[in-house]
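To keep things clear, I will list the structure first and then write my remarks on it.
2 protein chains.
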Amino acid sequence: MTHTETIDRNTIEEKSDRTLHDLIFARYRQPVETGTVALNPVLEAILSHRSVRDYLPTPLPQGALETIVAAAQSASTSSNLQAWSVVAVKDPDRRARLAALSGHQRQIVQAPLFLVWLADLSRLRAIAKGLDRTSEGLDYIETFLLAVIDATLAAQNAVVALESLGLGSCYIGGIRNQPEAVAAELRLPPETIAIFGLTVGYPDPDKPAEIKPRLSQNIVLHHELYGEEHPAAPLDLYNATLRIFQAEQNLSPIDWTDQATSRISTADALKGRQLLTDVIRALGFALK
Amino acid sequence: MTHTETIDRNTIEEKSDRTLHDLIFARYRQPVETGTVALNPVLEAILSHRSVRDYLPTPLPQGALETIVAAAQSASTSSNLQAWSVVAVKDPDRRARLAALSGHQRQIVQAPLFLVWLADLSRLRAIAKGLDRTSEGLDYIETFLLAVIDATLAAQNAVVALESLGLGSCYIGGIRNQPEAVAAELRLPPETIAIFGLTVGYPDPDKPAEIKPRLSQNIVLHHELYGEEHPAAPLDLYNATLRIFQAEQNLSPIDWTDQATSRISTADALKGRQLLTDVIRALGFALK
Numbered sequence: 001m002t003h004t005e006t007i008d009r010n011t012i013e014e015k016s017d018r019t020l021h022d023l024i025f026a027r028y029r030q031p032v033e034t035g036t037v038a039l040n041p042v043l044e045a046i047l048s049h050r051s052v053r054d055y056l057p058t059p060l061p062q063g064a065l066e067t068i069v070a071a072a073q074s075a076s077t078s079s080n081l082q083a084w085s086v087v088a089v090k091d092p093d094r095r096a097r098l099a100a101l102s103g104h105q106r107q108i109v110q111a112p113l114f115l116v117w118l119a120d121l122s123r124l125r126a127i128a129k130g131l132d133r134t135s136e137g138l139d140y141i142e143t144f145l146l147a148v149i150d151a152t153l154a155a156q157n158a159v160v161a162l163e164s165l166g167l168g169s170c171y172i173g174g175i176r177n178q179p180e181a182v183a184a185e186l187r188l189p190p191e192t193i194a195i196f197g198l199t200v201g202y203p204d205p206d207k208p209a210e211i212k213p214r215l216s217q218n219i220v221l222h223h224e225l226y227g228e229e230h231p232a233a234p235l236d237l238y239n240a241t242l243r244i245f246q247a248e249q250n251l252s253p254i255d256w257t258d259q260a261t262s263r264i265s266t267a268d269a270l271k272g273r274q275l276l277t278d279v280i281r282a283l284g285f286a287l288k
Numbered sequence: 001m002t003h004t005e006t007i008d009r010n011t012i013e014e015k016s017d018r019t020l021h022d023l024i025f026a027r028y029r030q031p032v033e034t035g036t037v038a039l040n041p042v043l044e045a046i047l048s049h050r051s052v053r054d055y056l057p058t059p060l061p062q063g064a065l066e067t068i069v070a071a072a073q074s075a076s077t078s079s080n081l082q083a084w085s086v087v088a089v090k091d092p093d094r095r096a097r098l099a100a101l102s103g104h105q106r107q108i109v110q111a112p113l114f115l116v117w118l119a120d121l122s123r124l125r126a127i128a129k130g131l132d133r134t135s136e137g138l139d140y141i142e143t144f145l146l147a148v149i150d151a152t153l154a155a156q157n158a159v160v161a162l163e164s165l166g167l168g169s170c171y172i173g174g175i176r177n178q179p180e181a182v183a184a185e186l187r188l189p190p191e192t193i194a195i196f197g198l199t200v201g202y203p204d205p206d207k208p209a210e211i212k213p214r215l216s217q218n219i220v221l222h223h224e225l226y227g228e229e230h231p232a233a234p235l236d237l238y239n240a241t242l243r244i245f246q247a248e249q250n251l252s253p254i255d256w257t258d259q260a261t262s263r264i265s266t267a268d269a270l271k272g273r274q275l276l277t278d279v280i281r282a283l284g285f286a287l288k
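Order-wise, the sequence lines are chains A and B. For the first sequence, counting from 1, position 101 maps to 101 in full-length UniProt numbering; every step adds exactly one. For the second sequence, counting from 1, position 261 maps to 261 in full-length UniProt numbering; every step adds exactly one.
Right, dumping it as structure tokens:
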């Protein structure tokens, strides 16, 4: 657990020496048995992911946004309903206003592009109305979740795609702090809601982000049955692993179990999002 | 719109001739302006996605599941809460029972691996209890959605990763038809719910799946503001595009607007999922 190896992404040359073992080790700070599976460029891209919070002002090249959205649309979508949309915000003033609505996260102002991902049932409602048909199915939490899942599948494809172009990104859950104000800012129709934002831009090479270690695989992966309990030992190990990461990153030392439980300790810790049920309804979703 | 080009994935050699333009054209059946963006192996993998519903019985190679889950855990997770888990089901009898609970979808029985993705707040609840702390934040729809989003980001990384290993997959939303029975089958603790399944295996080369065309990019991508309306012309174009795809695939011809609105026309069309709010609560989520 004292392994302090870091993965340098600065050049393709340096990356090309990495093995699957190396990249998985960086993700867990412990080995995982991967048999004879060989590294390929797709695995390398996915396993190297880190969220980027420091960007250069350089705009995206022509066609990059369109390519990223094509990747997003290539994700699966439930029954091909395609119940999502995305708003690409470049205007600095609008980004500043959205940053103020999302917990004042600096990277929304700094990154040249902010993508706002929408669960969108408005399109299906309009189509049904246009055909003079009922659309009661849209009134249920099931269909709301379907739209959230569709939007999330799409967004993650976008993230993997944009990283392959040398860009970086960071999801912004803070967009759910004040979804009604966000809807007004983006002129969203009823039955659409911003479920997360995504800052996009070229990472600042002077402030590189590192791969954040995750929970041991045996904590999240179950075989056949979930199992009975949440054993303490792997969590202690993860706390120790993250403390090493925090020291490397000059972050304040804190156990993950402390940090995570603080985040969900009270309604107020949700930063306004404890009101989300009412807000989703106010935005036109019946949530039956 | 009469372009009937198909993308053959059988060999790397054949794929290597494809350009970014070709792959994006296959996705939309119309060109998208991608400027000077160049194709790379990651974009090629993502843009080539198709859902696989016909599998060989060949099991996954040793280490493939672990690699796929490492990819899943490499996705972003809100506040690093990692509020998801996955159950890997190989047992044929259990897969048959889960297929029966999920709309009798044949591919769950046929594919050698079925991954059940869980929104999981049970782990955080147990950790908070162990530390004798409050965890009221888990009682809100916000945190339930956070878990759904975490699980979905992870699953989509898994899909892209497994495709890079020559495997195929298909999301199974039908797992939400009877989530309580699924929870009993997998011995899920309270505050976990299966949000979708994923069949995984080697695609049957005798029944190749094709890239399904999606809505024109200008329907889902908005610039700065969402805009006022849902114009009919691009939907007519998409109906015509899908009819060509249906003819190629020997599927019954139907307009997408017909198909999509039928899917959401009534509560009964949701196949049991119209009861999902009560079911989520019965599984222990307060959904405040």
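We treat Cβ as the ideally placed atom computed from N, Cα and C, and that holds for glycine. Note that the structure is a prediction, hence the values are computed from the model and not measured.
query	result
Can the beta-carbon of threonine 67 of chain A be found closer than 8 Å to that of proline 112 of chain A?	no
If contact is defined by three or more beta carbon pairs under 8 Å, each pair taking one atom from either stretch, is the segment 137-156 of chain A in contact with the segment 228-238 of chain A?	no
So does the segment 116-125 of chain B actually touch the segment 187-198 of chain B, counting three or more Cβ pairs closer than 8 Å?	yes
If you pair each beta-carbon of the segment 240-251 of chain B with each one of the segment 205-213 of chain B, do three or more pairs fall below 8 Å?	yes
For a quick check, are the C-beta atoms of leucine 186 of chain B and leucine 124 of chain B less than 8 Å apart?	no
Between the C-alpha atoms of serine 48 of chain B and tryptophan 256 of chain B, what's the straight-line distance to the nearest angstrom?	21 Å
Touching or not, the segment 93-104 of chain B and the segment 171-184 of chain B, by the rule of three or more beta carbon pairs under 8 Å?	yes
Between threonine 286 of chain A and isoleucine 46 of chain B, how many whole angstroms is the CB-CB distance? I'm expecting something under 8 Å.	Before going on, a small fix: residue 286 of chain A reads as alanine here, not threonine. Going by Cβ atoms, the distance from alanine 286 of chain A to isoleucine 46 of chain B rounds to 34 Å, so no, they are not a contact pair.
Contact check, serine 216 of chain A vs glutamine 30 of chain A under 8 Å by CB: the rounded distance?	7 Å
Quick check on DSSP: helix, strand or coil for proline 203 of chain B?	strand
Please list, in chain order, all residues of the same chain as aspartate 204 of chain A whose beta carbon is under 7 Å from its beta carbon, the five residues on each side excluded.	Asp54, Tyr55, Leu56
Can you name the start and end residues of the beta strand (DSSP E) that tyrosine 171 of chain A belongs to?	168-172
Thinking glutamate 136 of chain B and alanine 267 of chain A are a contact (beta carbons under 8 Å), I'd like their distance in whole angstroms, please.	5 Å
Is there a Cβ from chain B that is less than 8 Å from the Cβ of threonine 241 of chain A?	no
By Cβ distance, which residues of its chain are closer than 6 Å to alanine 158 of chain A, with the 5 residues on each side in sequence left out?	Ile68, Ala71, Ala72
Where are the alpha helix (DSSP H) runs, 4 residues long or more, that stay fully inside the UniProt domain "Nitroreductase" (46-202) of chain B, in chain order?	64-73, 92-101, 106-110, 122-130, 141-164, 179-185
Using a threshold of 8 Å, state whether the C-beta atoms of valine 42 of chain B and valine 42 of chain A are closer than that.	yes
Using CA atoms only, rank isn't needed, just tell me which of A/Gly103, A/Leu138, A/Asp22, A/Phe114 is closest to arginine 94 of chain A.	A/Phe114
At least one CB of chain A closer than 8 Å to the CB of phenylalanine 196 of chain B: is that the case?	yes
Please return the same chain residues whose Cβ sits closer than 8 Å to the Cβ of isoleucine 149 of chain A, not counting the five positions on each side in sequence.	Ser78
Using alpha carbons as the reference points, say which of A/Asn218, A/Gly227, A/Thr277 lies closest to glutamate 33 of chain A.	A/Asn218
Run the CB neighbour count on glutamate 44 of chain B, radius 10 Å, all protein chains shown included, and call it buried at 16 or more, exposed below.	buried
Apart from the five residues just before and just after glutamine 274 of chain A, which ones in its own chain have a Cβ nearer than 7 Å to its Cβ?	Ala267
Thinking C-beta only, is proline 61 of chain A closer than 8 Å to threonine 19 of chain B?	no
If you count every other CB in all the chains shown that lies within 10 Å of the CB of aspartate 278 of chain A, and 16 or more means buried, which is it?	exposed
Of the residues B/Pro253, B/Ala147, B/Asp206, which one's Cα is nearest the Cα of alanine 240 of chain B?	B/Pro253
By how many angstroms is the C-alpha of valine 109 of chain B removed from the C-alpha of tyrosine 28 of chain B?	32 Å
What is the C-beta distance between leucine 188 of chain B and tyrosine 202 of chain A, in whole angstroms, given that I count them as a contact (C-beta under 8 Å)?	Not really, about 42 Å apart at Cβ, beyond 8 Å.
So, alanine 126 of chain A versus tryptophan 84 of chain A, is the Cβ gap smaller than 8 Å?	no
Considering only heavy atoms of the ligand GDP, does any lie closer than 7 Å to the CB of alanine 154 of chain A?	As presented, the structure is devoid of all ligands, the ligand GDP included, so that no description of it is given.
Does DSSP put histidine 230 of chain A in a helix, in a strand, or in coil?	coil
If you follow the beta strand (DSSP E) that leucine 221 of chain A is part of, which residue opens it and which one closes it?	221-223
Measure the beta-carbon distance from glycine 284 of chain A to asparagine 177 of chain A and round it to whole angstroms, keeping in mind my assumption that it falls under 8 Å.	Contact doesn't hold; Cβ gap of about 19 Å is too wide.
Could you pull the start and end residues of the alpha helix (DSSP H) that alanine 262 of chain B belongs to?	What sits at residue 262 of chain B in the sequence shown is serine, not alanine. Segment 256-263, the alpha helix (DSSP H) holding serine 262 of chain B.
Give the single residue among A/Glu180, A/Gly166, A/Ala155, A/Ile264 whose Cα lies nearest to the Cα of valine 220 of chain B.	A/Ala155
Measure the alpha-carbon distance for leucine 165 of chain B versus arginine 133 of chain B and round it to whole angstroms.	43 Å
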